[in-house]
Structure formats: structure tokens, C-alpha cells
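Let me begin by presenting the structure, written as C-alpha cells, before commenting on it.
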Amino acid sequence: MGHVDAGKTKLLDCIRGTNVQEGEAGGITQQIGATYLPAENIRERTMELRADAQLNVPGVLVIDTPGHESFTNLRSRGSSLCDIAILVVDITHRLQPQTIESLNLLRMRNTEFIVALNKVDRISGWKKCKNAPFVKAIRQQTEDVKDLFNMKLAEIKTQFQDQGLNTELYYKNKEKGECLSIVPTSAISGEGIPDLLLFLVQWAQKTMVEKLTYVDKVQCTVLEVKVIEGHGTTIDVVLVNGELHEGDQIVVCGLQEPIVTTVRALLTSHPMKESRVKGTYLHHKKIKAAQSIKITAQGLEHAVAGTCLHVVGPDDDMDAIKNSVMEDMESVMSRIEKS
Ligand code: GDP
Numbered sequence: 001m002g003h004v005d006a007g008k009t010k011l012l013d014c015i016r017g018t019n020v021q022e023g024e025a026g027g028i029t030q031q032i033g034a035t036y037l038p039a040e041n042i043r044e045r046t047m048e049l050r051a052d053a054q055l056n057v058p059g060v061l062v063i064d065t066p067g068h069e070s071f072t073n074l075r076s077r078g079s080s081l082c083d084i085a086i087l088v089v090d091i092t093h094r095l096q097p098q099t100i101e102s103l104n105l106l107r108m109r110n111t112e113f114i115v116a117l118n119k120v121d122r123i124s125g126w127k128k129c130k131n132a133p134f135v136k137a138i139r140q141q142t143e144d145v146k147d148l149f150n151m152k153l154a155e156i157k158t159q160f161q162d163q164g165l166n167t168e169l170y171y172k173n174k175e176k177g178e179c180l181s182i183v184p185t186s187a188i189s190g191e192g193i194p195d196l197l198l199f200l201v202q203w204a205q206k207t208m209v210e211k212l213t214y215v216d217k218v219q220c221t222v223l224e225v226k227v228i229e230g231h232g233t234t235i236d237v238v239l240v241n242g243e244l245h246e247g248d249q250i251v252v253c254g255l256q257e258p259i260v261t262t263v264r265a266l267l268t269s270h271p272m273k274e275s276r277v278k279g280t281y282l283h284h285k286k287i288k289a290a291q292s293i294k295i296t297a298q299g300l301e302h303a304v305a306g307t308c309l310h311v312v313g314p315d316d317d318m319d320a321i322k323n324s325v326m327e328d329m330e331s332v333m334s335r336i337e338k339s
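For the sequence shown, the positions run 1 to 339 when the UniProt record's numbering is used.
Written out as C-alpha cells, the structure reads:
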């Protein structure tokens with residue numbers, strides 16, 4: 001999240017792209033509304049930083065549509081669409097109105113987040129160190145550049161303080177939890193990207209042991225509702241936990257009433273290397289979390305983005321599910337009314 005032009009899209013390109021451009025995609029897949037980074041890829045890219053730190057997560061799913069309608073719609077009592085957010089700040093522009101807006105939204109939702117202090121390469125005199133860990137990159141800079149960086153960092157820390165938040169460079173931050181971590185990055189030359197990836201993985205491993213455990217119960221959030229030629233109205237969802245199957249009976253929140261329907265197809269994008277085959281999708285009989293998926297089914301025209309999708313099991317009480325689904329709608333409506 002962050003202000004327009006802070007570099008959100010470019011950062012994602014950079015996270016996705018480095019190895020792909022060099023012809024070693026390392027299994028990164030650009031999914032529907034998200035990018036999946038497998039552990040193997042993260043391992044390679046964080047090699048210099050990691051020493052002997054263990055990577056236990058299978059990978060990271062980065063949801064790449066900042067300011068998604070669904071994020072604003074998410075119910076405050078903790079839908080788990082995202083576990084940690086990255087707030088992108090342009091070091092040359094410091095905190096801007098939308099940065100503060102995003103900051104408040106994240107705080108309101110109690111979402112964990114870190115700050116990517118982006119565009120460090122635009123500091124006057126910056127010597128590029130392609131894809132280097134930040135500490136290594138800053139060591140290569142002249143004293144003047146280091147001073148400029150420290151000055152800008154101090155200004156930004158003060159701005160965060162004005163918003164009631166203590167911040168610190170992530171590698172100096174001894175009070176994670178109390179104090180927000182800042183990871184300096186460049187989306188153009190890649191400095192700090194290994195740091196950002198390693199931070200996300202280590203944070204997940206430290207704080208989310210239980211959440212990272214795979215469970216059978218489906219947890220799934222609707223990201224977007226889209227009409228796709230040849231498929232009719234489809235929903236793009238993030239499957240956070242559990243498994244979806246073709247033919248599953250699902251209940252989704254609709255504008256007027258709950259939508260009860262059957263999964264006709266589970267679709268994902270082609271892996272990156274094959275992205276030439278635009279407009280076609282891979283079909284799956286079943287899909288396990290975490291993934292972003294396009295679902296086709298009948299009657300999805302009035303589905304509401306930002307709400308949960310439920311799968312009906314053989315012993316489930318349909319009325320209870322319908323009620324629970326529509327509670328999402330009530331909270332979306334009350335938020336719209338408030339704003
Ligand atoms: P978004 O609106 O937050 O998605 O911002 P974009 O990713 O579209 O970036 C806005 C502009 O800033 C583009 O012209 C990018 O090329 C440029 N940009 C983004 N990140 C960096 C960076 O780290 N360094 C430099 N020099 N330019 C950047």
C-alpha cells in the first residue's frame with residue numbers, strides 16, 4: 001500500500017522479475033491478482049543475507065493490487081486476506097496524504113505492516129549495487145550520500161512519530177512489535193529487496209507458527225468480481241487455507257441475498273514462462289492453499305468483493321452459513337454509510 005507513484009508496482013516487478021529476466025524463473029508464478037514466490041526462489045535471493053537462517057515456509061503469496069476494493073471492504077474483525085502489509089514510502093517525497101490514509105487503514109484493521117522506504121537510488125550521488133542487501137549497499141556509498149540518507153530517514157521517522165508511531169531501520173530494531181521496521185529499497189536497482197524478502201519470511205516464521213499450519217477448513221476471500229469473455233461473471237479469490245474442488249457447493253455474499261452455487265471451474269494463470277498464452281487459464285480439479293484462483297460458477301453477478309467464501313460440507317447447516325455470509329454484507333454496508 002502507499003501513495004500513488006511511491007513505487008508499489010515497480011517493487012512488485014522487481015520482486016518478481018530479477019531472476020526471470022535472467023532466465024531462471026525459479027518457479028515464481030504470476031497469479032490472478034497475486035504473485036507466488038516459492039521458498040527456493042527466496043532462498044536464492046537472500047543467500048548473501050541469510051548466513052545459516054532457516055527457511056521453513058513453502059513460499060510467500062504477495063497480493064499485488066494495492067488499494068484493492070476488497071481490502072477496504074474487509075471486515076474489521078479480522079478476515080485473514082493478508083497477514084502482513086508493506087507500506088511503501090518514497091524517500092524523496094516522504095509521507096504523503098495517501099501514505100497516511102493507508103497507515104490509518106492498516107491500524108484500524110490491526111494489520112501488521114512494515115515500511116519499504118523506496119527509491120534510495122534517487123539519493124543524489126547514490127552508487128548502484130544491483131540487488132545487494134541494504135547494509136552492503138550503504139557501505140559502498142560516500143560519506144555525503146550516507147549523510148543524505150540519514151537526514152531523509154530522520155525526517156521520515158519524525159513524520160511517523162507525528163502519527164504516533166516509532167520506527168527504526170529493521171536491522172537496528174530491537175523492539176519489533178513496539179517499533180515499526182523500515183526496510184530501505186530500490187525497485188529499480190534492487191538494493192534492499194533481499195532484506196525485504198527475508199524480513200517477511202522470518203516474521204512469518206516467528207509470529208505465525210499456528211496460522212502457517214495447513215488446516216482442512218476452507219478460508220477464502222473474494223478479491224474481485226469480473227466478467228470474462230467465455231466464462232461469464234467470475235470471482236477472483238485468495239484461498240488462504242484448505243482445499244477447493246471442482247463441483248464444491250459454495251456460498252458467497254451477494255448484494256441482496258446469499259449466492260448458493262457450484263464451482264464450475266477452478267482456474268489459475270499459466271506459469272510465468274508461458275505467459276505468452278494470454279487469456280487462457282489452467283484448469284484444476286482441486287487446489288490447495290495458499291493460492292489465488294479464478295472461480296467460474298453460475299449466478300455470481302452480484303457477488304461482493306472483500307467478503308468470505310464458504311464451502312458447504314455434508315453436515316453443514318445451510319441457513320447458518322447463509323447468515324454468516326450476509327454478516328459480511330452488513331459490515332460492508334455500514335462502512336459505506338459511515339464514509
Ligand atoms: P505506484 O503508483 O506506487 O505503483 O508507483 P510505480 O511503481 O508506478 O512507480 C512510479 C514511478 O516511480 C515510475 O516511474 C517508476 O519507474 C518510479 N520508481 C518506482 N520505484 C523506484 C525506485 O526505487 N527508484 C527509482 N529511481 N524510481 C522508481
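Ideal placement from N, C-alpha and C gives every residue a C-beta, glycine not left out.
Item                                                                                                                       : Value
Test item: CB-CB of Val304 and Val252 under 9 Å                                                                            : yes
Three-state secondary structure assigned by DSSP to Asp144                                                                 : helix
Closer than 8 Å: Arg107 CB and nearest the ligand GDP heavy atom                                                           : no
Of the residues Asn41, Ala6 and His3, the one placed nearest Val201, counting alpha carbons only                           : Asn41
Asp195 in three-state terms, based on DSSP                                                                                 : helix
Beta carbon of Ile138 nearer than 9 Å to that of Arg94                                                                     : no
Nearest-angstrom Cα separation, counted from Leu105 out to Met1                                                            : 10 Å
Any beta strand (DSSP E) of 3 or more consecutive residues that is wholly inside the segment 204-274                       : 219-228, 232-241, 243-245, 249-252, 259-262 and 265-268
Arg122 CB to nearest heavy atom of the ligand GDP below 8 Å                                                                : yes
Environment of Arg45 [buried if 16+ CB atoms lie within 10 Å]                                                              : buried
Three-way DSSP call (helix, strand, coil) for His68 in this model                                                          : Residue confidence for His68 is low, a pLDDT of 49 falling below 50, so the modelled location carries little weight; the figure read from the coordinates is stated next. Correct three-state label for His68: coil.
Contact under 9 Å by Cβ, Trp203 with Ile86                                                                                 : no
Unbroken stretches of the beta strand (DSSP E), 3 residues or longer, contained in the segment 85-126                      : 112-118
C-beta atoms of Asn118 and Ile91 nearer than 9 Å                                                                           : yes
Helix, strand or coil at Leu55 according to DSSP, with G and I counted as helix                                            : coil
Burial state of Ala154 (16 or more Cβ within 10 Å)                                                                         : exposed
Counterpart residues of Leu282 in DSSP-defined beta bridges                                                                : Thr268
Residue nearest to Leu266 in terms of C-alpha spacing, selected from Glu257, Tyr281, Pro258 and Gly254                     : Tyr281
Cutoff 9 Å: Ile86 Cβ touching any chain D Cβ                                                                               : Absence of chain D from the displayed structure is noted, only one protein chain being present.
Alpha-carbon to alpha-carbon, Gly177 and Glu224                                                                            : 32 Å
As assigned by DSSP and simplified to three states, the class of Thr167                                                    : strand
Neighbour-count burial assignment, Asp319, 16 or more Cβ in a 10 Å radius                                                  : exposed
Candidates Lys226, Thr234, Met208 and Pro133: closest to Val60 by CA position                                              : Met208
Beta carbon of Leu12 nearer than 9 Å to that of Val62                                                                      : yes
Neighbourhood of Glu301 by C-beta, 7 Å cutoff - its chain only, sequence neighbours within 5 removed                       : Thr233
CA nearest to the CA of residue 342, picked from Gly254, Leu165, Lys10 and Leu148                                          : One cannot answer for residue 342 here, as it falls past the ends of the chain, which runs 1 to 339.
As assigned by DSSP and simplified to three states, the class of Thr185                                                    : coil
Sufficient close CB pairs (3 or more, under 8 Å) joining the segment 213-220 to the segment 191-201                        : no
DSSP beta-bridge partners of residue 384                                                                                   : What the structure shows of the chain is the stretch from 1 to 339, and residue 384 is not part of that stretch, so it cannot be assessed.
Where Tyr36 falls, given that 16 or more other Cβ within 10 Å makes a residue buried                                       : buried
Ala34 - containing beta strand (DSSP E), residue span                                                                      : Ala34 to Pro38
Cut-off 8 Å between Cβ atoms - residues of its own chain near Lys286, not counting five sequence neighbours on either side : Glu243, Leu244, His245, Glu246 and Leu266
Neighbour-count burial assignment, Arg122, 16 or more Cβ in a 10 Å radius                                                  : exposed
Contact check, Leu196 vs Ile321, beta carbons under 9 Å                                                                    : no
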